[in-house]
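Following: one structure in structure tokens, then a few remarks.
Residue numbers (the working numbering), protein chains in the order written: chain S, 36 to 148; chain W, 381 to 494.
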């Protein structure tokens, strides 16, 4: 089974703090994603990466950046956290684009106070 | 670009009753369609997907969905639900030419009552 692991399940941070959300997948997948989930809005794509050091903006990249230095790890960075970034963040991975099935981690609940 | 509409934010149903969760999409290109389930405090798990071929797709846990191109729908059905099916269900679409980029609906919460 594919395993996508998000190291922090619950975080509370202060406004203005720099926040790192880490995600690791164990199946040598090429593609990795960060989504944000909010009630009534479903999941919205923040950033994705199709290879090491490669990234593309999703639908809501403002206020976020990402890092992919190794194939198995994809980090989401909030340079200066704000209260409107309080949300559930989901990491996902996809082996290759022909296989279609995206695998999700269990999510990271971030509260910014 | 694609979009997805899940018309019902919550669907209450009694145990052992049938259920249908509705999903409509719009797209100017051929699409792939997916249903994901999210149990409380967990990530999303793939229930089923339509890529091509038979329009009736069977998934895990007894769920199935039918792709209807003329009505641009992909409704999810189960003939008899269990308490354990209580969860949030998300419909998602991707363009067949950009299948890695999923667009999600807003979700439907299925609440199964004894």
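In this text, a Cβ means the ideal position worked out from N, Cα and C, and glycines have one as well.
Nonlocal neighbours in the same chain, by C-beta distance under 6 Å from residue i, ignoring five residues either side
i: residue 484(W); result: 470 and 472
i: residue 419(W); result: 467
i: residue 46(S); result: 145
i: residue 486(W); result: 386
i: residue 394(W); result: 493
i: residue 57(S); result: 42 and 110
i: residue 396(W); result: 460
Residue i vs residue j beta-carbon contact at 9 Å
i: residue 415(W); j: residue 438(W); result: no
i: residue 66(S); j: residue 42(S); result: no
i: residue 125(S); j: residue 424(W); result: yes
i: residue 111(S); j: residue 64(S); result: no
i: residue 123(S); j: residue 79(S); result: no
i: residue 38(S); j: residue 60(S); result: yes
i: residue 93(S); j: residue 114(S); result: no
Residue i, enclosing beta strand (DSSP E) - first and last residue
i: residue 458(W); result: 453–458
i: residue 414(W); result: 411–418
i: residue 394(W); result: 390–394
i: residue 41(S); result: 39–41
i: residue 448(W); result: 444–448
i: residue 105(S); result: 100–105
Whole-number beta carbon distance between residue j and residue i, since they are thought to touch under 8 Å
i: residue 412(W); j: residue 426(W); result: Contact flag wrong, Cβ pair sits at about 12 Å.
i: residue 421(W); j: residue 452(W); result: Going by Cβ atoms, the distance from residue 421(W) to residue 452(W) rounds to 33 Å, so no, they are not a contact pair.
i: residue 382(W); j: residue 410(W); result: The pair is not a contact, with the Cβ atoms about 11 Å apart (cut-off 8 Å).
i: residue 44(S); j: residue 107(S); result: That belief does not hold up - the Cβ atoms of residue 44(S) and residue 107(S) are roughly 19 Å apart, past 8 Å.
Same chain, Cβ closer than 7 Å to residue i, neighbours up to 5 away in sequence not counted
i: residue 116(S); result: 48, 50, 51, 52, 54 and 147
i: residue 476(W); result: 409, 410, 411 and 412
Spatial neighbours of residue i in its chain, beta-carbon cut-off 8 Å, leaving aside the 5 residues before and after
i: residue 96(S); result: 81 and 82
i: residue 482(W); result: 414, 472, 473 and 474
i: residue 161(S); result: Residue 161(S) is absent from the model: chain S starts at 36 and stops at 148.
Exercise for review: Could you name the residues of the stretch 115–141 of chain S whose beta carbon sits closer than 7 Å to any beta carbon of chain W, in the order they occur along the chain?
Suggested key: Residues passing the 7 Å Cβ filter: 125, 129, 132, 135, 136, 137, 139, 140 and 141.
Point to revise | Interface residues of the stretch 70–87 of chain S facing chain W [CB-CB below 9 Å] | key: Of all residues in the stretch 70–87 of chain S, 70, 72, 74, 75, 76, 77, 78, 79, 80, 83 and 85 have a Cβ within less than 9 Å of some Cβ in chain W.
Practice item. Note down, in chain order, all residues in the stretch 456–468 of chain W with a beta-carbon under 8 Å from any beta-carbon belonging to chain S. Key: Listed by position, the residues of the stretch 456–468 of chain W near chain S (Cβ gap below 8 Å) amount to none.
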